[in-house]
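Numbering (our numbering), first residue to last: 156 to 893.
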Amino acid sequence: MMNPLQVQLKFFPYPATSLFVFPGIRTHRQSPLPSPRNPLSRSHTHTHHTTRPYRLPVPHSSAPQCPHNSLSLSKTKSHTHLPVRFPPEASTHHHSFLFPSTSMPWNESTRSPRPIPSAYLPPHLRHQPTFTVTIPTSLARSSSRRGGGGGGRGRGRGFRGGRAPNPPRSYGRSRRNFSDDDPNPYNQKIMPEPPFDISEKFDELEVIDDDPSGVNNINAYDETPVETSGFDVPPPVTSFSEIDFCSGLSDNIKRCQFVKPTPIQRYAIPVAMAGRDLMACAQTGSGKTAAFCFPIITRILRDHHQLKSPTKKIDRNGGGGGFSLKTIMACPLALILAPTRELSCQIHEEAKKFSYKTGVKVVVAYGGAPIVQQFRNLEKGVDILVATPGRLVDMIERAKVSLKNVKYLALDEADRMLDMGFEPQVRKIVQQMEMPPAGVRQTMLFSATFPIEIQRLASDFLSNYIFLAAGKVGSSTDLIAQRVEYVHDADKKNHLLNLLRAQRANGKHALTLVFVETKKGADALQSWLSMKGFPSMAIHGDKVQMERERALKSFRSGLTPILVATDVAARGLDIPHVAHVINFDLPRDIGDYVHRIGRTGRAGKPGLATAFFSDKNAPLAKALVELMQEANQEIPPWLNEYTETSHAYGSGGSRSSRFSGVKFGGHNYRRGADNENYDYSNQFEDGTALESYPSHSSPYSSHDSRADFPTSSRADSFHEGFYGHMLDHRTVVASGWD
Ligand SMILES: Nc1ncnc2c1ncn2[C@@H]1O[C@H](COP(=O)(O)OP(=O)(O)OP(=O)(O)O)[C@@H](O)[C@H]1O
């Protein structure tokens, strides 16, 4: 029997996002062949059902010629039909693809009174009438799980330009029907094709200027206040066109569909372009990577690119007789340091996109991967080296890298490098390995959180610097709807299962990141979830690098839409479409919480963060409440009651002391003239006495060495309370990291 089903196509669910993630971009080549990443992509077009294409008209707007680039721009108004294949199946019910759904069964009582931002709508679908498509129930269910329905990958030539669309590349291959009792609704064989990843196809993209809205909802940051301090701060810009980028970079900015700068970019880019040192703090997902990459690329092109010798040959034997071992030493002009391997890879990918076709060479060096291959990459030439501290020190000591030409130094997530015990390596790199001194090189520090110890480092590394804070230092963006639920440790697993089931019942195929405290806990929870029919992967510091990369890739692609992670995945990772971050175990430090939930609600898009709170998290309550208040979240009344005990424990820290917050922005503590006699002990006026945590019984939450990051070291050091005696990061052992 076939019953018609009305589907309101208000919003294409993930992973049909490939349709709209890059709306202004066309590809040169369209391969009809199966993708190497997904051999199923073409081979499963034979389904159990007779497929019937539905075509959704998608009108295009005209594209004005950009004065700055001569590349082809779409000018015609046309309609492209995006085919969607649905088997004609039975019964009906109504599906809404909006997320978060008002019918979410959890936390209705704690919902924020402020309207939840509507789901991101791709520019090419805006101002369009709502489409009503009649599809059968079983498929609606399966397509929503897989985010099907969107049909093609959305990168066909003619997507904008008025040419006939390519043959459909539907996600709906080899479908089968599911019942709600299906133990494994995400059977690997019928998983969706991975969405189009811009970095893989970047070289196929043309520059198109016709979409004033861009891929991301950057307007969401319009109201973010920005505080600046320092001498002679260069004025901010309001658009990218006000900045004198080289044309290659300008084209790449358009390729990325960055239409206008985010607040941190508006302020930081002019400062960096003027050659000033910078300490910049901005909320997670608000575009800090571009804020330091754009100026570095521009200045390399402007000031150095005629010097064509990023590497030089040295003779290790001093040129004497006998066997002369000649080696190539890389001498990058810019160094970007990041705390984790994954983050350095991501920055490398971003920087490569931004410098595409400019001639600027970007190389990455990180531990856990074969060093020989990285040497080979370096030997081909390097302008910008992105590295983790451990691997870089190793390379310098082996005389494969020299820092003596470094003119630009950026430290991303610098506070995490200290947390992880990298302060000695970072100091060695910056102060003892030939790098030109502060004042000669340009130095930039970026993070979403700036605890006091990083400000101390800043005063050693920076010279006459400018401090920028977009939004309150250490705050979370209010794009993320935060919920805190009281869950006993013993109930956590079932509670998680219920959340995931509810998510699934709502037709969501949302990428969900689940944070736990320990590596062992991550593995255990991941196996259990997989057993329960939720394909998942785990990522933590005990996994070898290949496994870590595989887990991230599989999650990113939607193949395993749940990633169970330790803090290894908490910082900097920009995974599009992460809709939900669940803190199965809350971290002990509020800064870590900020970074964790910041994996969703990025680039102006809305996100959801759920935290499981139990008695042992009491020390975090005060900071959590403060943070949620700042982000206009509704605080559950029971949580307020914990704030009194929280102060006694003191571990989560009062945000006012941890982040030195003022009304917005923050404060920077310099050794310079303006703060010469500043008493750093003021930062600890709340006299926080740190006590150890109550022991944890759950295998998912233990504060022993199984945790990826011994964050307590930072907290434990706080009570020492004055500059010069605060921290001894050498005692921190970072396992699984380089
Ligand atoms: N001007 C812009 N317009 C549109 N999208 C942007 C812009 N700048 C950055 N983005 C996108 O926003 C996302 C987040 O950027 P990025 O990873 O640099 O954030 P971040 O501030 O470094 O976050 P985190 O603190 O988590 O490291 C990326 O996908 C990036 O491509």
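In this text, a Cβ means the ideal position worked out from N, Cα and C, and glycines have one as well.
Any contact of the segment 381-390 with the segment 401-412, i.e. 3+ C-beta pairs under 8 Å? no
Thr632 in three-state terms, based on DSSP: coil
What do you get for Gly430, buried or exposed, if any count of 16 or more other CB atoms within 10 angstroms of its CB means buried? exposed
Check: Ser441 C-beta below 6 Å from any heavy atom of ligand 1: yes
Who pairs with Gly762 in a beta bridge, going by DSSP? Ile635
Would you decide whether Asn560 is buried or exposed? Buried here means 16 or more other CB atoms lie within 10 Å of its CB. buried
For Ile424, does the three-state DSSP call read helix, strand or coil? helix
Residues sharing a beta bridge with Arg596, DSSP: Ala593
On the DSSP bridge list, what partners appear for Cys436? Ser602 and Ala624
List the DSSP bridge partners of Ser557. Paired residues: none, contrary to the question.
By Cβ distance, which residues of its chain are closer than 6 Å to Thr632, with the 5 residues on each side in sequence left out? Gln438 and Gly756
Going by the C-beta, is Arg496 closer than 6 Å to any heavy atom of ligand 1? no
The alpha helix (DSSP H) spanning Asn787 covers which residue range? No alpha helix (DSSP H) holds Asn787; DSSP gives it neither H nor E.
If you reduce the DSSP assignment to three classes, tell me which class Leu794 lands in. helix
Is the segment 750-768 in contact with the segment 721-734, if contact means three or more CB pairs nearer than 8 Å? yes
Going by DSSP, what residues sit across from Leu718 in a beta bridge? Leu668 and Met692
Between which two residues does the beta strand (DSSP E) containing Asp567 stretch? Tyr563 to Asp567
For Glu504, count neighbouring C-beta atoms within 10 Å of its own C-beta (all shown protein chains included) and say buried if the count is 16 or more, exposed if not. buried
Pro338: buried (16+ other C-beta within 10 angstroms of its C-beta) or exposed? Interpretation of Pro338 is limited by its pLDDT of 36, a score under 50 that renders its predicted location unreliable; no figure is taken from the coordinates.
Within the present structure, is the beta-carbon of Phe670 separated from the nearest heavy atom of ligand 1 by less than 6 Å? no
Report the CB separation of Ala489 from Ile451 in whole angstroms; it is logged as a contact under 8 Å. 5 Å
Report, in whole angstroms, the separation of the C-beta atoms of Leu573 and Val556, which I expect to be a contact under 8 Å. Actually they are not in contact, since the Cβ atoms of Leu573 and Val556 sit about 22 Å apart, beyond 8 Å.
Is it the case that the CB of Gly900 approaches a heavy atom of ligand 1 more closely than 6 Å? Only positions 156 to 893 of the chain appear in the structure, and residue 900 is not among them; the question remains open.
From the DSSP output, in three-state form, read off Met572 for me. helix
Where the beta strand (DSSP E) containing Ile491 begins and where it ends: Ala489 to Leu492
Confirm, please, whether the CB-CB distance from Val519 to Val541 is below 7 Å. yes
Can you tell me which residues form a DSSP beta bridge with Val541? Ile491 and Val519
Which of the three DSSP states is assigned to His650 in this structure? helix
Beta-carbon proximity of Phe509 to Val639, cut-off 7 Å: no
Please look up how many angstroms separate the CB atoms of His695 and Ala679, rounded, as I've assumed it's under 8 Å. Not really, about 11 Å apart at Cβ, beyond 8 Å.
Going by beta carbon distance, what residues of the same chain come within less than 7 Å of Cys411, once the five residues before and after it are set aside? Lys508
Run the CB neighbour count on Thr393, radius 10 Å, all protein chains shown included, and call it buried at 16 or more, exposed below. exposed
Beta-carbon separation (whole angstroms), Ala665 vs Leu612, contact threshold 8 Å: That belief does not hold up - the Cβ atoms of Ala665 and Leu612 are roughly 38 Å apart, past 8 Å.
Considering only DSSP beta bridges, list what Met701 is partnered with. In the DSSP output, where bridge partners are listed per residue, Met701 has none listed.
Consider the C-beta atom of Phe413 and the heavy atoms of ligand 1; say whether any pair is separated by less than 6 Å. yes
Which residue marks the beginning of the alpha helix (DSSP H) containing His735, and which one marks its end? His735 -> not in any alpha helix (DSSP H); beta strand (DSSP E) instead, spanning Val733 to Asn738.
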